[in-house]
Amino acid sequence: MENYKIRYKNSKFSKERIQLDGKAFIHCEFENCLIILEKGETEISGCRFKDCKLMLQGNAYTVGKIIKLFTRESPLKVLDLEEVQ
Numbered sequence: 089m090e091n092y093k094i095r096y097k098n099s100k101f102s103k104e105r106i107q108l109d110g111k112a113f114i115h116c117e118f119e120n121c122l123i124i125l126e127k128g129e130t131e132i133s134g135c136r137f138k139d140c141k142l143m144l145q146g147n148a149y150t151v152g153k154i155i156k157l158f159t160r161e162s163p164l165k166v167l168d169l170e171e172v173q
């Protein structure tokens with residue numbers, strides 16, 4: 089596990105835009121949040137997500153497209169930028 093400078097533990101997030109990269113989230117709760125992942129440099133452990141959307145960008149988006157090639161389905165709904173603004 090990486091040693092991230094920004095660490096959240098037992099935190100609650102509601103109706104926020106959360107950038108995962110460069111941060112650790114331990115036993116956190118997310119509700120109605122937009123979760124953004126670009127590089128995949130994050131630690132997530134014991135967290136709960138309710139009614140959140142995940143937006144993949146950069147390298148994470150590329151990995152999502154590769155997964156779709158193998159599964160022939162999209163494991164996640166890919167959001168257009170217009171949907172999140």
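Throughout the sequence shown, residue numbering follows the numbering used here, covering 89 to 173 in sequence.
The beta carbon of each residue, even a glycine, is placed where N, CA and C say it ideally should be.
Asked: Leu144 - containing alpha helix (DSSP H), residue span; Found: Looking at the DSSP string, Leu144 is not in any alpha helix (DSSP H); the run it does join, the beta strand (DSSP E), is Lys141 to Leu144.
Asked: Simplified DSSP assignment, three categories, for Tyr96; Found: strand
Asked: Delimiting residues of the beta strand (DSSP E) encompassing Arg136; Found: Arg136 to Lys138
Asked: Three-state secondary structure (DSSP) of Lys111; Found: strand
Asked: Contact belief for Glu126 with Gly152 at Cβ below 8 Å, rounded distance in angstroms; Found: That pair is no contact at about 11 Å.
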